[in-house]
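Protein chains in written order, with the working numbering: chain A, 1 to 329; chain B, 330 to 658; chain C, 659 to 987; chain D, 988 to 1316; chain E, 1317 to 1645; chain F, 1646 to 1974. Presented below is the structure to which this report refers.
Protein chains: 6
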Amino acid sequence: MVINPISPTVDFDQDGVQHGFLKLPYSHDQSAWGSIMIPITVVKNGTGPTAVLTGANHGDEYEGPIALYDLAAKIDPVDVSGRIIIVPAFNYPAFLSGTRTSPIDGGNLNRIFPGRPDGTVTQKIADFFQYQILSRADYVLDIHSGGRTLEFIPFAACHVLPDKRQEKRCVEAMRAFNAPYSLMLLEIDSVGMYDSAAEELGRVFVSTELGGGGSASATTIKIAKKGIENFLKHAGILAGDPLIEPTVNLDMPDGRCYVSCETPGLIEYTVELGEEVEEGQVVAVVHEVTRTGRPPALYRAGISGIFTGRHYPGMINMGDIVAVIAVPV
Amino acid sequence: MVINPISPTVDFDQDGVQHGFLKLPYSHDQSAWGSIMIPITVVKNGTGPTAVLTGANHGDEYEGPIALYDLAAKIDPVDVSGRIIIVPAFNYPAFLSGTRTSPIDGGNLNRIFPGRPDGTVTQKIADFFQYQILSRADYVLDIHSGGRTLEFIPFAACHVLPDKRQEKRCVEAMRAFNAPYSLMLLEIDSVGMYDSAAEELGRVFVSTELGGGGSASATTIKIAKKGIENFLKHAGILAGDPLIEPTVNLDMPDGRCYVSCETPGLIEYTVELGEEVEEGQVVAVVHEVTRTGRPPALYRAGISGIFTGRHYPGMINMGDIVAVIAVPV
Amino acid sequence: MVINPISPTVDFDQDGVQHGFLKLPYSHDQSAWGSIMIPITVVKNGTGPTAVLTGANHGDEYEGPIALYDLAAKIDPVDVSGRIIIVPAFNYPAFLSGTRTSPIDGGNLNRIFPGRPDGTVTQKIADFFQYQILSRADYVLDIHSGGRTLEFIPFAACHVLPDKRQEKRCVEAMRAFNAPYSLMLLEIDSVGMYDSAAEELGRVFVSTELGGGGSASATTIKIAKKGIENFLKHAGILAGDPLIEPTVNLDMPDGRCYVSCETPGLIEYTVELGEEVEEGQVVAVVHEVTRTGRPPALYRAGISGIFTGRHYPGMINMGDIVAVIAVPV
Amino acid sequence: MVINPISPTVDFDQDGVQHGFLKLPYSHDQSAWGSIMIPITVVKNGTGPTAVLTGANHGDEYEGPIALYDLAAKIDPVDVSGRIIIVPAFNYPAFLSGTRTSPIDGGNLNRIFPGRPDGTVTQKIADFFQYQILSRADYVLDIHSGGRTLEFIPFAACHVLPDKRQEKRCVEAMRAFNAPYSLMLLEIDSVGMYDSAAEELGRVFVSTELGGGGSASATTIKIAKKGIENFLKHAGILAGDPLIEPTVNLDMPDGRCYVSCETPGLIEYTVELGEEVEEGQVVAVVHEVTRTGRPPALYRAGISGIFTGRHYPGMINMGDIVAVIAVPV
Amino acid sequence: MVINPISPTVDFDQDGVQHGFLKLPYSHDQSAWGSIMIPITVVKNGTGPTAVLTGANHGDEYEGPIALYDLAAKIDPVDVSGRIIIVPAFNYPAFLSGTRTSPIDGGNLNRIFPGRPDGTVTQKIADFFQYQILSRADYVLDIHSGGRTLEFIPFAACHVLPDKRQEKRCVEAMRAFNAPYSLMLLEIDSVGMYDSAAEELGRVFVSTELGGGGSASATTIKIAKKGIENFLKHAGILAGDPLIEPTVNLDMPDGRCYVSCETPGLIEYTVELGEEVEEGQVVAVVHEVTRTGRPPALYRAGISGIFTGRHYPGMINMGDIVAVIAVPV
Amino acid sequence: MVINPISPTVDFDQDGVQHGFLKLPYSHDQSAWGSIMIPITVVKNGTGPTAVLTGANHGDEYEGPIALYDLAAKIDPVDVSGRIIIVPAFNYPAFLSGTRTSPIDGGNLNRIFPGRPDGTVTQKIADFFQYQILSRADYVLDIHSGGRTLEFIPFAACHVLPDKRQEKRCVEAMRAFNAPYSLMLLEIDSVGMYDSAAEELGRVFVSTELGGGGSASATTIKIAKKGIENFLKHAGILAGDPLIEPTVNLDMPDGRCYVSCETPGLIEYTVELGEEVEEGQVVAVVHEVTRTGRPPALYRAGISGIFTGRHYPGMINMGDIVAVIAVPV
């Protein structure tokens, strides 16, 4: 049996706050005996549930890392009942390079679970979380945003699950996170996701999309910070009640929610994220760039609802997502 | 004397609308006898002033190209008195690669004027505009945004000029553009700018910054479209009066307007663009990413005013701009 | 069980002509929710056999894509009895980059069958053809050329097969294709080939090599077009008889047919493709390039026959093929 | 005054055959005190004219280097009256990388004359030939082909010159070279060419285009070898009369000889190089590749004549040359 | 069953000396039908044991290749009793690029055993040695150095093995090699190593680390040459007794032997390799480079012993090894 | 007149110690309004001479930066009479990338003086030192090593100068530095060197080569630290007398001191740096690597003397330096 070579420099069972690393040996041309040092903070105080908080599952999504580096620096074990495991930059090599996937092996951490202990760097990270971290967790929060190529209205999400009691606990945790929007997802293709790995182990799991474009704003950072604090209060790890403000509940009934691109070019959006759109309404046009004087291609909403997500860069390619539309419930 | 090898496929003196190219011979490894084909539209109707409209002077700024490809496709010569020269993607190789500078020669088109007819690709473009385009212009509008690494509140700008009559005409044109913000610039280092080239020739010149992040929104695109139409009405090339809405007039008195970074890491903004800030107020903090548990570095406003510009990507390096603050007048 | 995520936008069972895509979801740094859109045309009219026609199995081979984009644009369902599935650019990412293998995963599509539904992009394409396309096929034609690094005399080919009735049907189809040369292949290493995948399913399979060098000429394009029309007539999908002209039948008895390089340098061929060579005759010499004044290395034919294939680029490396010689039968 | 740092390891004034180098100091990251060693052969016997023979002025053109490495290895000074300076790989770094231009500085050696002694690597080579090699020459032959991106019928060429006596001497040398085609060129843009540098110094200068595609065939290599021998006989450096076979004399009267591309895609030629074409005849079509079912763009001859040159790779871009047509005289 | 496609051009059972290749077919974009040609020498004389000698298992380690190319050029079969198989550049693609791992597939040959016959290039090499080379071996010597990123005092090494008789034979062979230092290794993670593959087959196996930094000195080359000759004499393949000089026997009891880096920057060593250090003694400091005026981070020995290995480049990253300390026994 | 845009954040005329930056604005694709921040320390106390100390003129040379970051962190203004300007990483972008030249513009800082204020990044650094730093200097010390591709015995050096009084002052300063070797240089090509820039301004200038290979050892770091302290004592800026140990005085009379490579391959040195060699003695051999069994090429000393410098990497190319030999005086 192959042992995962990642060794933590923190003791998960020790009370107090520890700042350390998940040390992942990585022999390569620039360092024959090198290691990747993934920062981790463990805060523990007595008994109680364990929450695992992660950011930068995709390396170009910033609300999670910002809120979690901040939390790790400020958290006082006195305020904690139970344990918080904070990994602000889950796919750390991707985070350092500011890219969705790992520059080392191209690994998309959220499509690679359960990983392999003798696999690539990204597979080793997945395997370690599958067998060493999720096994210690009761509550799991993975903070995503749109990254450099997508932008979303800020929402928390959970999944339709076969175990309706688990689903209910996840929905309650999503509501406790209390983002401006809350989305119920029926994933078509959940193979390899961290979400599925956590859910299959029976954990209370919440995910988010809080913005995008490879940046973070004061507003979306505040949503992340409030959501984390609410989530920990909901889990009973921090004292007090979550601060609850109005949220819009959304659903994505079927494939009409997605508009995709069949004409590469320069994309001009005609509506803003968060606006209501009618089925058939033009949400974007795409201009051919090799010459002037051509009429642009029109892209229309396939369903009425809220303009929830969009392509971010100025140029768009064949097959890219133009628009995501969700339906208020 | 060296002749600029760029040949236009349009006739600048012909009435009607022509869609063509500035054809720039470029011999390289992928095409021994290749050319760069920069799209151009010329619309002319009788006599009257000439306006030159450009986008993508930097290749990752999108409001200009979107509004100008759109204008080129829709403009009817019947509505025109005089001439409009539209070049939606000024530094076309940079625009195609979605980068600020040209992937061919690294050229920053806005620092390379007056260019050289026998220079690099970017220098040839500059030389052609210096001697063939600006010479035909009365009104010049160059639409910028922040690009992939900066983000701004949407403003039109003009410069303090030695010729106060010319300055006044530029200010009037900037006001006609009527962006939400209007900024009077005293450039410290204007060497090589297209702006300076146009102004030194006595043209009425207006520039803008309309957003950033390497994307464009429905809102900023509308600002660009309205501004262009207003600008052409102000020049008398389109009929009617500019549509004028309230604008905030801004000034940048001195170096205190700029906050720059001396600690690389993950940047967390604490205020939104457009908010008022007080001198000494923290506008952003930077988290070290190699380890958790460290207090972040604080960045404070050097002057009271409006938070006008920021670094866009989630990570920031030594020497990058953290914040630009402008003062309402 | 893992489902192949490729979804066709065409209905294989609908009469008439449909131009659409095989849509392959591909999440990467440049597009988090992107897709690869492989063009496909399905032409169907009533009942009858199904032919699958592919080009650009290797991305730098052009006679196939040219003839098939042309066919897809011109074909009238009225002329068809049965069904034609046309995929002009089989390994579409490789085709777009003009390289033999995929720039995404380095995949050589013709060595990767039967693929994997949860594998790399190239593995997913192979899996989809294995289970969704070949299952619908009666006749399969895969048009190859030499690509950027090899050049061949134009030939159609089929394989020695264990099932002699199937082999006979393949030979008849190869003869119907009627290239200037017809070659009977005993593949040493057929693992992972599309050829083998089709043959093992009992399909009538024909392959070709029609030229090379990463280009196509009017002559080789005509061979491809005539061959495709002949192949479809032979299958009974188009009406009429194949147009048959003289062909030279060739065989490759053993390893003496291959001459390979053991001296890197500049290669000088002394015979033209299609010429007869005698065993022991010098077919090429290789000049060392680091200095002048050295005698070149000589490469001799290992068998008498027709000079059938050669290295294309001006420089040659250790281990590259110098010459392929086939024996007329 | 700056001295060119290139030092030859051969003595240009010594009788006999010497194989050596032009040693060009080049300090870079892979070798702090490195040099580029350009192979050179000098053959001298008594008094008489000097011929300078070069290949690989562009690094992906192979008939010249093949014929000249071969000549350098075989030449016997006893057969020579005067001097031959042989540089088979003129832009040696480009030749080693198989690219038109230098991988070191992007330099196109044939557009950079007279170079600079303190410039880039390519500029230093040009300066050395301008002041150290051409100054020693009477006859200059520079053997080109189409390279990886162009293909030509095999022709020798010379230029219309202001000095008609010099022009006549060049034409006689071109005819002595005796390629299958002979072309009289009126260059529009001869700035920076080696051709112009030699002609301005009053040398007898002949250039060629002998094929292309980044390869060489037995046929085109024979044309080069015969042409070089003829050229040296014509100069009186080798004994005997040139071997003269029929040639087709061609002219290129004006811009109608060039057809250029305005639709990127997959190019399908409908005529072969060397065929006669009529004005208005379709010589090629370009297929859009992002989808099937579209009619291709048609490209027509602008003048009646011989199809003389074409784009070589299977894919073509905006602004690339589609066809060159020359007119028999 | 899949057959390894590597074919040797030498006959392992033929007496005399043969210089040839392990020919590994490798189809790629630069050569559709190319091969990697790994140089190999087989020297055989009558019956007797077989020694397999390899260098460049990692491509940036040079004492092995130097000593083995030298041996292959000089060895006289008359002096041999048995057989020597010499592969100077084991991971040949890595060796050609001067990198630890293969530029083709990133493969670390010493972590990939037993390989796969249908795997990547590096996996194919491993599989061939596993089943074709080690099966023929009695004595196996694999000569390593530190490579570009590590530097060691020169030592031979063998492993603690479960079969104590085999271990004893390995220790005797290590002592016969007689490097200045001899190290007994208890590998923590020996999965995929060539060492383990040889040992599990019961071979007498010796490894070394003879220097590093991506270079070799006259001194370390002499150690390699003497060690190889001694090893072959010890095996009885060459006549005579090994030349034995004093060696220092070393042990590495536990993890305290390793000091690793948690502060990226510029590394300043305070002791030389081979010096004795005391537990707690500063062996290196690391300077932050983004600013001056900061105190450096201190790195201390975790155990008393000999300073055995260090990081080589001037800059060091998080997780790199700072120091290896071994304990004299 | 163009102003150099570099702005120092330190005041050169202020007493005490200041740690700051030379801030060089650099607009590029990763940061539109970015700057390069070159660390600098200024230490001043009263009146007295000014010494300028630099390291990493080439970015892969480490003794200088190590000793100077260390000095900057420890220096106490109380110990200073006059002023010390410390720039540990002169070509800072090259230093950060660990390469000889700048990754931004390929600039070799030591061949680019006097630079240009409106040039590339490296040219701007040179211009700033030419006009802002050297103008303030009395004593200038620039600490070099061999870098990644060369290795030297540790020496200090100065040049033969036209002004013999200045030369004498430089020689005295070199002797004060007191490296194990002291070398008197007659540079052939000193164009563009920092050395020449300083000397032409009449400064007392000393340079060094202290090791190489892209690393630094405890021994060579000690030589640098002692040399700097001695140099500052000699200048009267630090109190006390230089610590003087024996040094070997060397001379390099002519081109026979250099042995250069004409056979690419694997280099085997037969003597160690610092050993005495006789004219004609083999100092290295080069093995061809494409095959085994070939005799290596031999390289011999052209003059008797001390083996002073060598190529560092294991592989060597055409034109690289094999050996530098200096003659004791």
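All residues carry an ideal CB built from backbone N, CA and C; glycine is no exception.
Cβ distance (whole Å) where B:Asp358 is taken to contact D:Thr1028 below 8 Å: Here residue 358 of chain B corresponds to residue number 29 of the second sequence, with the count starting at 1. Here residue 1028 of chain D corresponds to residue number 41 of the fourth sequence, with the count starting at 1. Not quite, the Cβ-Cβ distance comes to about 28 Å (not below 8 Å), so this is no contact.
Residues near D:Asp998 in its chain [Cβ-Cβ closer than 8 Å; skip 5 each side]: By 1-based counting over the fourth sequence, the position of residue 998 of chain D is 11. If we look at D:Asp998 and ignore the five residues flanking it on each side, its Cβ neighbours are Gln1005, Val1029.
For D:Pro1101, the nearest candidate out of D:Phe1116, D:Asp1092, D:Ile1091, D:Pro1090 (CA to CA): As a first step, residue 1101 of chain D must be located in the fourth sequence, where it is residue number 114. Nearest C-alpha to D:Pro1101: D:Phe1116.
Sequence-distant residues of its chain with Cβ nearer than 6 Å to B:Ala401 (five each side left out): The residue labelled residue 401 of chain B in the question sits at position 72 within the second sequence. Excluding sequence neighbours, B:Ala401 sits near Thr370, Ile415.
Under 7 Å by beta carbon: chain D residues contacting A:Met318: Looking up residue 318 of chain A in the first sequence gives position 318. What A:Met318 touches in chain D, judged by beta-carbon distance under 7 Å, is Thr1277, going in chain order.
Any C-beta of chain A under 8 Å from that of D:Pro1251: If you number the fourth sequence from 1, residue 1251 of chain D lands on position 264. Residue-level contact check: D:Pro1251 touches chain A, since one or more beta carbons of chain A fall below 8 Å from its beta carbon.
Proximity winner among E:Asn1424, E:Asn1426, E:Thr1417, E:Gly1435, relative to C:Gly765 (alpha-carbon distances): Here residue 765 of chain C corresponds to residue number 107 of the third sequence, with the count starting at 1. Looking at the Cα atoms, E:Gly1435 is the closest of the given residues.
Beta-carbon spacing of E:Leu1338, E:Ile1322 below 8 Å: Within the fifth sequence, the letter at position 22 stands for residue 1338 of chain E. Within the fifth sequence, the letter at position 6 stands for residue 1322 of chain E. For the 8 Å CB-CB criterion, E:Leu1338 and E:Ile1322 form a contact.
Inter-residue spacing [alpha-carbon to alpha-carbon] between B:Leu567 and A:Ala218: Start at 1 with the first residue of the second sequence, and residue 567 of chain B comes out as number 238. Start at 1 with the first residue of the first sequence, and residue 218 of chain A comes out as number 218. Going by the C-alpha atoms only, they are around 41 Å apart.
A:His234 vs A:Gly265 beta-carbon contact at 8 Å: Here residue 234 of chain A refers to the residue found at position 234 of the first sequence. Here residue 265 of chain A refers to the residue found at position 265 of the first sequence. No; because the gap between Cβ atoms is not below 8 Å, this pair is not in contact.
DSSP state of E:His1550 mapped onto helix, strand, coil: Against the fifth sequence, residue 1550 of chain E aligns to sequence position 234. If DSSP states are grouped into helix, strand and coil, E:His1550 belongs with the helices.
Environment of F:Lys1769 [buried if 16+ CB atoms lie within 10 Å]: Translated into the one-based positions of the sixth sequence, residue 1769 of chain F becomes position 124. In this structure F:Lys1769 is buried. Its beta-carbon is surrounded by 16 or more other beta-carbon atoms within 10 angstroms.
Whether D:Asp1129 touches D:Thr1037 by CB criterion (8 Å): Taking the fourth sequence and counting its residues from 1, one reaches residue 1129 of chain D at position 142. Taking the fourth sequence and counting its residues from 1, one reaches residue 1037 of chain D at position 50. The answer is no: Cβ separation not under 8 Å.
8 Å Cβ cutoff, C:Arg991 in contact with chain E: Residue 991 of chain C cannot be examined here, being either before or after the span of chain C that is shown, 659 to 987.
Test: A:Arg100 CB closer than 8 Å to a CB of chain C: Locating residue 100 of chain A in the first sequence gives position 100, where the first residue counts as 1. By this cut-off, A:Arg100 is an interface position.
Minimum Cβ-Cβ distance from F:Gly1947 to chain D less than 8 Å: Position 302 of the sixth sequence, counted from the start, is the residue given in the question as residue 1947 of chain F. No, its Cβ sits nowhere closer than 8 Å to a Cβ of chain D.
Best match in C:Asn703, C:Thr950, C:Met910, C:Pro723 for proximity to C:Gly740 [C-alpha to C-alpha]: Counting from 1 along the third sequence, the entry for residue 740 of chain C is found at position 82. Of the listed residues, the one whose Cα sits closest to C:Gly740 is C:Asn703.
Inside the stretch 811–860 of chain C only - alpha helix (DSSP H) runs reaching at least 4 residues: You should have 822–835, 852–858.
Three-state secondary structure (DSSP) of A:Phe12: Walking along the first sequence from the start, residue 12 of chain A turns up at place 12. Looking at A:Phe12 - three-state DSSP - the assignment turns out to be coil, as it is neither helix nor strand.
Distance between A:Leu185 and A:Arg169 (C-alpha atoms, nearest Å): Against the first sequence, residue 169 of chain A aligns to sequence position 169. Against the first sequence, residue 185 of chain A aligns to sequence position 185. Between A:Arg169 and A:Leu185, the C-alpha separation is close to 15 Å.
Proximity below 8 Å, CB of C:Asn749 to CB of C:His716: The residue given as residue 749 of chain C occupies position 91 in the third sequence. The residue given as residue 716 of chain C occupies position 58 in the third sequence. Going by C-beta atoms, C:Asn749 is nearer than 8 Å to C:His716.
F:Glu1907 to F:Ile1798 span [Cα, whole Å]: In the sixth sequence, the residue the question calls residue 1907 of chain F occupies position 262. In the sixth sequence, the residue the question calls residue 1798 of chain F occupies position 153. The straight-line gap from Cα to Cα measures roughly 24 Å.
Per DSSP, cross-strand counterpart(s) of E:Asp1458: For the purposes of this step, residue 1458 of chain E is identified with residue 142 of the fifth sequence, where counting begins at 1. Per the DSSP secondary-structure output, E:Asp1458 pairs in a beta bridge with E:Thr1370, E:Ser1523.
Sub-8 Å separation of C:Met832 and C:Val798 beta-carbons: For this step, residue 832 of chain C is matched to residue 174 along the third sequence. For this step, residue 798 of chain C is matched to residue 140 along the third sequence. No, the pair does not count as a contact, with Cβ atoms beyond the cut-off.
Closer than 8 Å to chain E by CB, C:Ile696: Residue mapping note: residue 696 of chain C aligns to position 38 of the third sequence, counting from 1. With respect to chain E, the C-beta atom of C:Ile696 has no partner C-beta closer than 8 Å.
Residue closest to A:Gly20, alpha-carbon to alpha-carbon, out of A:Thr9, A:Asp13, A:Glu245: Working through the first sequence from its first residue, we reach residue 20 of chain A at position 20. Ranked by Cα distance from A:Gly20, the options A:Thr9, A:Asp13, A:Glu245 are led by A:Thr9.
Assumed close pair F:Val1927, F:Ala1968 - CB separation to whole angstroms, cut-off 8 Å: For the purposes of this step, residue 1927 of chain F is identified with residue 282 of the sixth sequence, where counting begins at 1. For the purposes of this step, residue 1968 of chain F is identified with residue 323 of the sixth sequence, where counting begins at 1. Rounded, the Cβ-Cβ distance is 10 Å, inconsistent with contact.
Cβ-Cβ distance between E:Leu1384 and E:Pro1409 below 8 Å: Translated into positions along the fifth sequence, residue 1384 of chain E becomes position 68. Translated into positions along the fifth sequence, residue 1409 of chain E becomes position 93. The answer is no: Cβ separation not under 8 Å.
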